[in-house]
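J.: Quick one: structure below, then a few questions.
Protein chains in written order, with our numbering: chain L, 21 to 476; chain A, 418 to 730.
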């Protein structure tokens with residue numbers, strides 16, 4: 021009886037399998053899921069999360085074969101989470117928005133997108149040239165450009181007015197706007213509790229209530245990339261084998277910074293930065309800094325609800341007579357261990373396409389890397405940040421640092437830490453002699469490079 | 418030949434053992450999977466060149482050799498020892514004294530006990546953020562208080578000379594756990610010993626020195642061992658404080674003054690992707706802590722008194 025029942029059941033199962041196989045034409049094709057890992061840079065604020073979800077909905081409703089999902093990871097956990105996903109064989113299909121620094125940090129994990137570009141014969145001419153170059157390394161192209169964040173000087177017009185000092189010139193050809201002039205102006209804007217500026221013999225450096233200048237949101241490479249060194253923002257020779265962090269231009273730049281903090285007093289030291297950090301304020305927003313050197317991403321972060329009027333001006337010429345304005349950039353990258361890389365490439369193309377790139381950049385605060393959408397983006401800028409000189413933003417792109425201050429070098433994280441330790445010595449006042457700081461840092465960088473090349 | 422009665426007893430004992438193993442099996446499984454397994458894996462990685470992304474490559478004892486030639490390894494070990502030498506004894510003494518005070522028969526002592534224990538239930542990250550505000554040289558509450566007594570407060574976490582002392586002060590915040598354990602020990606001291614000491618004419622100090630201290634020495638020993646291990650694992654607070662410091666040189670700043678051993682280990686693992694090297698650091702730390710703990714255990718014969726223990730046996 022039981023054998024009979026088993027036979028009947030087996031027959032039924034076989035028949036149903038046969039029917040399913042023959043009549044399966046109407047079954048919907050399953051979508052390939054592309055997970056976009058967000059958290060290496062911006063993109064984790066609640067409003068950004070909502071906007072990204074809306075973007076995913078837009079993509080998913082218009083694509084039958086691919087489904088995207090933004091995986092939001094707290095910024096503090098990006099490294100551990102990403103590495104855990106990689107080592108667990110669960111690499112995300114796309115990672116971004118990625119700054120040049122995080123591209124460098126995980127450089128070996130990225131897929132080279134050159135074959136995808138060539139296979140699609142993708143025209144890159146609409147992207148700003150520098151934006152493409154920032155992703156291009158000798159042995160790989162890490163991704164399509166998404167956005168740029170040029171840098172310039174944000175200035176507090178009320179502080180300038182109160183001090184009776186002219187605003188920084190906006191004319192990019194005006195070479196009188198140089199680092200000496202910046203120092204001079206910044207000292208005039210720096211005030212102690214008695215209202216005396218930093219040029220006054222009775223100025224009290226122990227009771228400063230207003231600083232003239234700040235560039236504290238960048239590391240050593242970023243702070244010195246503007247000083248006209250041959251290697252610009254890279255602390256090594258072009259073959260990455262020799263440390264050249266103690267080059268004369270970097271020493272000059274770091275001494276300028278050190279003197280700005282400890283001799284001329286127009287830049288706040290570590291104590292001032294710590295106070296801002298613990299209070300959760302940026303250097304510019306409280307209205308106690310005359311000029312703040314930063315990037316386009318600071319527009320979204322710091323140019324809302326100001327109690328004073330502000331504008332932007334180009335970064336000044338360096339003592340070598342050149343203007344270099346460091347730049348940050350974002351892209352999306354494909355981990356080489358990811359599944360469905362072709363689909364990830366399709367999504368990358370969509371995110372950076374002329375039709376979508378403006379929306380994406382609006383979420384992340386970057387200038388779209390495509391020239392064709394500049395006017396559209398400009399209208400949005402005008403609506404969001406009225407009254408600033410938008411030309412300064414776009415023209416600053418032409419003066420970007422190349423090699424970039426965040427670009428890949430061997431042992432990127434280790435060398436960054438070695439250099440930033442030097443910057444910390446200056447900001448804390450432990451060592452005020454730039455030559456000594458950079459000589460020591462250079463020796464450490466050289467040792468790191470030697471160890472690296474001994475095994476590579 | 419065992420009698421049926423004995424067989425029944427053995428069987429019962431076995432059954433109880435099986436039940437015991439069954440009940441603790443979730444823990445044993447968890448221990449094997451989540452502790453022993455990763456430990457063995459890290460032991461293997463410590464003999465490899467492993468960057469997480471590519472498969473590990475065997476490189477023998479190179480990681481250990483490089484470790485002892487690494488200046489930052491010695492620096493981080495030095496920072497950790499410096500912190501441990503001050504923070505550990507200070508924490509033990511401070512919590513012991515508070516426990517002695519909380520063991521007095523005074524009005525509202527339970528309220529005081531609660532007050533002193535409460536801070537230890539707050540998580541490390543929240544505590545770190547709180548103390549960053551307290552130590553803030555410009556807007557914090559500590560420096561203005563010091564100014565009132567004529568002391569110019571330092572930059573604390575932004576000053577390489579004062580960052581570790583600030584962490585030592587901060588570490589006293591979490592002594593509530595120690596206090597509770599001490600309190601339990603203090604309340605276990607038989608009162609007849611105090612009565613006998615009083616009859617012998619011992620004053621308060623002598624009673625404390627000759628009765629309280631020896632009788633609570635096992636508890637002090639316990640707190641010392643746990644404190645030693647915890648001090649060498651110090652991480653969260655430094656991670657939170659130094660990573661949020663602009664131009665402090667990043668993790669372990671300012672100027673590497675708070676580059677604790679575990680911070681450097683973390684950097685090697687998750688920032689420099691030298692997981693093999695970081696694993697060797699973890700094993701060296703394990704051996705250091707093990708040696709120190711064994712040293713404390715060996716020394717305990719000289720200063721820990723167990724009631725009922727007969728010396729020389």
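Beta carbons: idealized from backbone N, C-alpha and C, even for Gly.
Just so you know, these numbers come straight off a predicted model, no measurement behind them.
With 7 Å as the limit, tell me which residues of the stretch 161 to 195 of chain L have their beta carbon closer than that to any beta carbon of chain A; keep them in chain order.
T.: Taking 7 Å as the Cβ-Cβ cut-off against chain A, none of the residues of the stretch 161 to 195 of chain L qualify.
J.: Cα separation between residue 338 of chain L and residue 241 of chain L?
T.: Each residue's alpha carbon lies about 15 Å from the other.
J.: So residue 433 of chain L contacts chain A; which residues on that side make the cut at Cβ distance below 7 Å?
T.: The contacting residues are 688, 689.
J.: Between which residues of its own chain and residue 90 of chain L is the CB-CB distance below 7 Å, once the five residues before and five after are set aside?
T.: For residue 90 of chain L, where only same-chain residues beyond five positions count, the Cβ hits under 7 Å are 56, 58, 72, 73, 76.
J.: For the pair the stretch 443 to 462 of chain L and the stretch 397 to 417 of chain L, tell me if three or more CB-CB distances fall below 8 Å.
T.: The answer is no - the stretch 397 to 417 of chain L does not touch the stretch 443 to 462 of chain L, with fewer than three Cβ pairs under 8 Å.
J.: Below 8 Å, can you find three or more Cβ-Cβ pairs linking the stretch 583 to 602 of chain A to the stretch 512 to 522 of chain A?
T.: Yes: the two stretches touch, three or more of their Cβ pairs being nearer than 8 Å.
J.: Should residue 708 of chain A go down as buried or exposed, given a rule of 16 or more other Cβ atoms within 10 Å for buried?
T.: Counting Cβ neighbours within 10 Å, residue 708 of chain A comes out exposed, since fewer than 16 surround it.
J.: By Cβ distance below 8 Å, which residues in the same chain neighbour residue 719 of chain A in space, the five residues on each side in sequence not counted?
T.: There are no such residues.
J.: Report the residue from L/107, L/282, L/345 whose alpha carbon sits nearest the alpha carbon of residue 314 of chain L.
T.: Closest option to residue 314 of chain L, Cα to Cα, is L/345.
J.: My parser needs the beta strand (DSSP E) runs of 3 or more residues fully inside the stretch 367 to 402 of chain L; what are they?
T.: DSSP runs (the beta strand (DSSP E)) wholly in the stretch 367 to 402 of chain L: none.
J.: Between L/278, L/285, L/248, L/282, which has its C-alpha nearest residue 269 of chain L's C-alpha?
T.: The shortest Cα separation from residue 269 of chain L among L/278, L/285, L/248, L/282 belongs to L/248.
J.: Bridge partners for residue 130 of chain L per DSSP, in chain order?
T.: Paired residue(s): L/355.
J.: If you run the structure through DSSP and keep just helix, strand and coil, what is residue 287 of chain L?
T.: Correct three-state label for residue 287 of chain L: coil.
J.: If you measure from the beta carbon of residue 570 of chain A to each beta carbon in chain L, is any gap under 7 Å?
T.: No - not a single Cβ of chain L is within 7 Å of the one on residue 570 of chain A.
J.: Threshold first: 4 residues or longer. Then list the alpha helix (DSSP H) segments lying entirely within the stretch 143 to 195 of chain L, N to C.
T.: Listed in chain order, they are 149 to 155, 177 to 183.
J.: Identify which residue in L/473, L/53, L/463, L/64 has its Cα closest to the Cα of residue 265 of chain L.
T.: The option with the nearest alpha carbon to residue 265 of chain L is L/463.
J.: By Cβ distance, which residues of its chain are closer than 8 Å to residue 434 of chain L, with the 5 residues on each side in sequence left out?
T.: Counting only Cβ-Cβ distances below 8 Å, and skipping sequence neighbours, we find 468.
J.: Rounded to the nearest angstrom, what separates residue 631 of chain A and residue 431 of chain A at their Cα positions?
T.: About 41 Å.
J.: Please classify residue 463 of chain L: does DSSP put it in a helix, a strand, or coil?
T.: Correct three-state label for residue 463 of chain L: helix.
J.: Note down, one range per segment and in chain order, each alpha helix (DSSP H) of at least 4 residues found wholly within the stretch 625 to 680 of chain A.
T.: Taking only runs of at least 4 residues, the alpha helix (DSSP H) segments lying wholly in the stretch 625 to 680 of chain A are 630 to 649, 653 to 660.
J.: Helix, strand or coil: which one does DSSP assign to residue 57 of chain L?
T.: Strand.
J.: Name the chain L residues that come within less than 7 Å of residue 469 of chain A, Cβ to Cβ?
T.: Those within 7 Å of residue 469 of chain A in chain L are 103, 106, 107.
J.: Confirm, please, whether the CB-CB distance from residue 370 of chain L to residue 169 of chain L is below 7 Å.
T.: Their beta carbons are not under 7 Å apart, which means residue 169 of chain L does not touch residue 370 of chain L by this criterion.
J.: So residue 128 of chain L contacts chain A; which residues on that side make the cut at Cβ distance below 9 Å?
T.: Chain A residues near residue 128 of chain L: 468, 470, 471, 690.
J.: Is there a Cβ of chain A sitting closer than 7 Å to that of residue 470 of chain L, yes or no?
T.: Not closer than 7 Å to any Cβ of chain A, the Cβ of residue 470 of chain L fails to qualify, so no.
J.: Tell me, please, whether the CB atom of residue 46 of chain L is closer than 7 Å to any CB atom in chain A?
T.: The pLDDT assigned to residue 46 of chain L is 47, lower than 50, so where the model puts this residue is not dependable; a value taken from the coordinates is nonetheless given after this. So, not an interface residue.
J.: If we count the other Cβ atoms within 10 Å of its Cβ and call it buried at 16 or more, is residue 85 of chain L buried or exposed?
T.: Residue 85 of chain L is exposed by the Cβ-count criterion.
J.: Strictly under 7 Å for the Cβ-Cβ distance: is residue 699 of chain A near chain L by that measure?
T.: Not an interface residue.
J.: Expressed to the nearest angstrom, what Euclidean distance is found between the alpha-carbon atoms of residue 780 of chain A and residue 215 of chain L?
T.: With chain A represented from 418 up to 730, any question about residue 780 of chain A goes unanswered, as that position is not in the structure.
J.: If the cut is a Cβ gap below 7 Å, which residues of chain A does residue 447 of chain L touch?
T.: Near residue 447 of chain L (Cβ distances below 7 Å), the residues of chain A are 664.
J.: In the DSSP output, what is residue 256 of chain L paired with across the bridge?
T.: DSSP output for residue 256 of chain L lists L/263 as bridge partner(s).
J.: Would you tell me roughly how many angstroms separate the C-alpha atoms of residue 167 of chain L and residue 151 of chain L, rounded to the nearest one?
T.: Each residue's Cα considered, the two are about 8 Å apart.
J.: Tell me, please, whether the CB atom of residue 39 of chain L is closer than 7 Å to any CB atom in chain A?
T.: Low confidence applies to residue 39 of chain L: its pLDDT is 49, below 50, so where it sits in the model is not reliable enough to give any reading.
J.: I want to see whether chain L comes within less than 7 Å of residue 553 of chain A, judged by CB atoms only; does it?
T.: True, the Cβ-Cβ gap to chain L drops below 7 Å.
J.: Please look up how many angstroms separate the CB atoms of residue 611 of chain A and residue 633 of chain A, rounded, as I've assumed it's under 8 Å.
T.: Residue 611 of chain A to residue 633 of chain A, Cβ: 13 Å. No contact.
J.: Which residues share a DSSP beta bridge with residue 314 of chain L?
T.: In the DSSP output, where bridge partners are listed per residue, residue 314 of chain L has L/172.
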